[in-house]
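**Q** Here it is: the structure, laid out below.
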Amino acid sequence: MADFYDALTDDHIAFIAAQPMFFVATAAPDSRINLSPKGYDAFRVISPTRVAYLDLRGSGNETHAHLVADGRITIMFNNFGRTARIMRLYGSGTPVLPQDEEWDDLANHFDILPGTRQIFDIRVDSVQTSCGYGVPVMELAEERQTLVKYHGKTTEDEWFAKVNATTESIDGLPVRTTDRFFEVSS
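Below is the structure:
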């Protein structure tokens with residue numbers, strides 16, 4: 038019941054655009070597997086073989102550490118609506134921080150949110166679709182604004198104290214920290 042593709046099709050891109058959340062999975066040798074749900078309007082298809090997502094500071098920075106150590110990433114989209122469907126994007130990714138040369142090009146694809154720490158630039162190696170018949174039907178009530186509100190109230194000094202305190206993953210892998218604080222524009 039699974040189909041594989043070498044790149045995203047127009048149908049895949051439309052499916053991605055309709056999903057209010059996605060999941061990110063990464064791992065590195067001798068580390069825990071990281072699986073994170075993501076929300077907000079934070080995912081972009083750059084081309085049929087390139088996607089990116091905006092990353093806000095949270096409780097850790099595992100994806101960054103794993104991509105630097107190993108590079109592999111899987112993104113999963115799941116339709117919780119009436120039409121069952123799962124889509125996985127398999128590829129390799131790179132964390133791009135505001136101080137990196139590639140930042141401006143990637144950042145132009147997003148509305149930068151308070152708490153933004155990096156953008157993950159992902160090369161899609163293959164796309165898999167499957168039925169999703171075992172996934173429940175659910176409805177989106179609303180997008181949670183808690184994280185953006187929290188970061189919107191954070192001062193620049195507080196931001197850098199927290200960001201610079203996270204210099205390694207929970208398994209001790211190194212991560213780079215951002216050099217930029219994004220103010221909320223009124």
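Residues 38 to 223 in my numbering are what the sequence shown spells out, letter by letter. All residues carry an ideal CB built from backbone N, CA and C; glycine is no exception.
With H, G and I counted as helix, E and B as strand and the rest as coil, what does DSSP make of Gly189?
**A** helix
**Q** Write down the C-beta distance between Val172 and Phe117 rounded to the nearest angstrom, noting that I regard them as a contact closer than 8 angstroms.
**A** Contact check for Val172 and Phe117: beta-carbon distance about 7 angstroms, within the 8 angstroms limit, so the pair qualifies.
**Q** Taking Ile156 as the reference, give the member of Pro85, Ala89, His103 with the closest Cα.
**A** Restricting attention to Pro85, Ala89, His103, the CA atom closest to the CA of Ile156 is found in Ala89.
**Q** Return the chain-ordered ranges of every alpha helix (DSSP H) run that is complete within the region 52 to 135 and spans a minimum of 4 residues.
**A** 99 to 106
**Q** Name the residue from Trp196, Thr215, Leu143 whose alpha carbon lies nearest to the alpha carbon of Ser84.
**A** Leu143
**Q** Residues in the same chain with beta-carbon distance under 8 angstroms from Arg160, minus the five sequence neighbours each way, listed in chain order, please.
**A** Thr86, Arg87, Gly128, Ser129, Gly130
**Q** Spatial neighbours of Ser223 within its chain, please: CB distance less than 7 angstroms, with the 5 preceding and 5 following residues excluded, ordered by chain position.
**A** Reliability of the predicted coordinates at Ser223 is poor, the pLDDT of 48 falling under 50, and the value obtained from them is presented with this limitation in mind. Contacts found: none.
**Q** Exposed or buried, Thr204, counting other C-beta atoms within 10 Å across all chains shown (16 or more means buried)?
**A** exposed
**Q** When you compare each of Pro211, Ala44, Leu210 to Leu126 by their alpha carbons, which one comes out closest?
**A** Ala44
**Q** Hey, out of Phe59, Ala64, Gly97, whose CA is closest to Phe80's CA?
**A** Nearest option by C-alpha distance: Phe59.
**Q** List the whole-angstrom C-beta distance separating Ile123 from Ser167, where the pair is believed to meet the contact cut-off of C-beta under 8 angstroms.
**A** 5 angstroms
**Q** Give the range of the beta strand (DSSP E) segment to which Asp40 is assigned.
**A** DSSP places Asp40 in the uninterrupted beta strand (DSSP E) bounded by 40 to 42.
**Q** Label Pro151 either buried or exposed according to how many other C-beta atoms from any shown protein chain fall within 10 Å of its C-beta, with 16 as the threshold for buried.
**A** buried
**Q** Quick check: Gly76 and Glu195, are their CB atoms within less than 8 angstroms of each other?
**A** no
**Q** Suppose you measure from the CA of Val82 to the CA of Asp158; what does that come to, to the nearest Å?
**A** Approximately 10 angstroms between the Cα atoms of the pair.
**Q** Using 8 angstroms as the threshold, is the C-beta distance between His101 and Val212 below it?
**A** yes
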